[in-house]
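K.L.:
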Amino acid sequence: MPDRMVLSALEPSGEGQYRPAPDGEAVYRKCQNYVEHGVCNWMIEAADPEPLCLACRLNNVIPDLSNPESGALWADVEIAKRRLLYSLCRLHLPIVPKSEDPEGGLAFDIKADDDSQRVLTGHNEGLITLNLAEADPVAREQMRVAMRERYRTLLGHFRHEVGHYYWERLIRNTELLEPFRALFGDEQIDYSQALQRHYQNGANASFSDSYITPYAAAHPWEDWAETFAHYLHVIDTLDTAHHFGFTSDVPRNVTPSDVRDFDLLMREWLDLTVALNALNRSMGLPDVYPFAISPTVREKLQFVHRCIAPNAKPKAQPASVPKSAPTPSTTSTVQQQSARLS
60 MPDRMVLSAL EPSGEGQYRP APDGEAVYRK CQNYVEHGVC NWMIEAADPE PLCLACRLNN
120 VIPDLSNPES GALWADVEIA KRRLLYSLCR LHLPIVPKSE DPEGGLAFDI KADDDSQRVL
180 TGHNEGLITL NLAEADPVAR EQMRVAMRER YRTLLGHFRH EVGHYYWERL IRNTELLEPF
240 RALFGDEQID YSQALQRHYQ NGANASFSDS YITPYAAAHP WEDWAETFAH YLHVIDTLDT
300 AHHFGFTSDV PRNVTPSDVR DFDLLMREWL DLTVALNALN RSMGLPDVYP FAISPTVREK
360 LQFVHRCIAP NAKPKAQPAS VPKSAPTPST TSTVQQQSAR LS
């Protein structure tokens, strides 16, 4: 129930409506994509006239569901997208469908390659496009190995691309722009040329001194998006760990996504990732967290934290963004898909 940020069992109350079990008073109905396609588990307040939940209202294009394989892949995409949106709501970041605010809103195109086009995963003025093939675990792993990536997931793609969106919402034309440039670099340098240089030459061998991933070194926009994605990775994982009692210094009545003390978050993160990697090695598996946070990367993560912290509210809830002028696009190429934290 996204209005409450609560996961609950539900009991039918007649006429397609449900109440939270065991004795909830509020009345809900299923999202239309829940009823018709089984790709959603978000509920809508019964009085809301919208047929789709907040997550599904953000869809601009969905795959051709006449293909059974596309439907199965789309279900996995929606799981990752809802996880992303849950995290954004937990962090009290503004969310509004592009259908309601064409200039400042957020939307998703989930498309598959066909004979006429190759779908490029990327972001353009609030529209995030994802190639459906990324939901195929075999194809995704083949791409990860071919591009020598350490990490590649659907959720990571979404986190990266939404980072571009929030750069426009949180940084562009604000007092944070100059501090951003001092830390990440001048985003006004030619984007296409910067990417071309990156794909010709690759990242410097010492990239990890300043960047969380090699792709982050391509351009300040990509450095922000990679760092933003990593921050979501940290906070969401810490929230889950806290729920299961794996954090030591965060009070039980507070979740890491509401913690303002960045140093505390980093201490908890170091302890947790060391333990997670040790557990994986005990099972003969690769490290679950194959990254190193250098002092410079830590400073960049702290800047993201600083940008998000003012959005904190007494109660987590989706919010709207004010309308704004169109903003520059940061559209990805096929190569760009390969090297990001995804």
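Counting in the numbering used here, the sequence shown runs from 60 upward without gaps.
We put the beta carbon where it would ideally sit given N, CA and C, even for glycine.
Source: prediction; values computed, not measured.
What does Arg-88 pair with, by DSSP beta-bridge criteria?
P.N.:
DSSP lists Gln-76, Ile-103 as partners of Arg-88.
K.L.:
Among residues of its own chain, excluding the 5 on either side of Val-403, which ones have a beta-carbon nearer than 6 Å to its beta-carbon?
P.N.:
Outside the shown range of the chain (60 to 401) lies residue 403, about which nothing can therefore be said.
K.L.:
Using 10 angstroms around the beta-carbon of Asn-263, count the other beta-carbons present and answer buried if the total reaches 16, otherwise exposed.
P.N.:
Classification of Asn-263: exposed, given that the 10 Å Cβ count is below 16.
K.L.:
For Met-102, does the count of other Cβ atoms within 10 angstroms reach 16, so buried, or fall short, so exposed?
P.N.:
Buried, because 16 or more other Cβ atoms sit within 10 Å of the Cβ of Met-102.
K.L.:
Using DSSP with H/G/I as helix, E/B as strand and the rest coil, what is Lys-372?
P.N.:
The pLDDT assigned to Lys-372 is 48, lower than 50, so where the model puts this residue is not dependable; a value taken from the coordinates is nonetheless given after this. The answer is coil: DSSP assigns Lys-372 none of H, G, I, E or B.
K.L.:
Are the Cβ atoms of Thr-299 and Leu-360 separated by less than 8 Å?
P.N.:
Their beta carbons are not under 8 Å apart, which means Thr-299 does not touch Leu-360 by this criterion.
K.L.:
Considering only residues of the same chain and omitting the five flanking positions on each side of Leu-117, which have a CB-CB separation below 7 Å?
P.N.:
If we look at Leu-117 and ignore the five residues flanking it on each side, its Cβ neighbours are Pro-156, Leu-165, Ala-166, Phe-167.
K.L.:
Hey, is the region 206-215 in contact with the region 239-246, meaning 3+ C-beta pairs nearer than 8 Å?
P.N.:
The answer is no - the region 239-246 does not touch the region 206-215, with fewer than three Cβ pairs under 8 Å.
K.L.:
Which full runs of the alpha helix (DSSP H) of 4+ residues lie inside the region 256-327, going along the chain?
P.N.:
List check, alpha helix (DSSP H) in window: 279-302.
K.L.:
Runs of 4 residues minimum, wholly inside the region 115-153: which ones carry the alpha helix (DSSP H) assignment?
P.N.:
Counting only runs of 4 or more, we get 127-149.
K.L.:
Taking the beta strand (DSSP E) that Phe-350 falls in, what are its first and last residues?
P.N.:
Counting along the chain, Phe-350 falls outside any beta strand (DSSP E), and DSSP gives it neither H nor E.
K.L.:
Answer yes or no: do Leu-124 and Asp-195 have a C-beta to C-beta separation smaller than 8 Å?
P.N.:
No, they are not a contact pair.
K.L.:
Taking the C-alpha atoms as reference points, what is the distance between Ala-68 and Ala-80?
P.N.:
Distance between the alpha carbons of Ala-68 and Ala-80: 5 Å.
K.L.:
Quick check on Glu-237: buried or exposed, where buried means 16 or more other Cβ atoms within 10 Å of its Cβ?
P.N.:
Flag for Glu-237 reads exposed.
K.L.:
Given Ala-139, which residues of its chain have a CB within under 7 Å of its CB, disregarding the five upstream and five downstream residues?
P.N.:
Within the same chain, Ala-139 has close Cβ partners Leu-213, Leu-214, Phe-217.
K.L.:
Within 10 angstroms of its Cβ, does Asp-295 collect 16 or more other Cβ (buried), or is it exposed?
P.N.:
It counts as buried.
K.L.:
Write down the C-beta distance between Glu-70 and Cys-99 rounded to the nearest angstrom, noting that I regard them as a contact closer than 8 Å.
P.N.:
Their Cβ separation, rounded to whole angstroms, is 19 Å, which puts Glu-70 and Cys-99 out of contact at 8 Å.
K.L.:
Buried or exposed: Leu-324, going by 16 or more other Cβ atoms within 10 Å of its Cβ?
P.N.:
With 16 or more other Cβ atoms within 10 Å, it is buried.
K.L.:
Assuming Ala-105 and Tyr-87 make a contact with CB atoms under 8 Å, what is their CB distance in whole Å?
P.N.:
Right, their Cβ atoms sit about 6 Å apart.
K.L.:
Output the boundary residues of the beta strand (DSSP E) element that contains Ile-367.
P.N.:
No beta strand (DSSP E) contains Ile-367, which is instead part of the alpha helix (DSSP H) from 354-367.
K.L.:
Assign Ser-269 to buried or exposed, taking buried as 16 or more other Cβ atoms, counted over all protein chains shown, within 10 Å of its Cβ.
P.N.:
Ser-269 is buried by the Cβ-count criterion.
K.L.:
Quick one: grab the DSSP three-state call for Leu-69.
P.N.:
In this structure, Leu-69 counts as strand in the three-state DSSP scheme.
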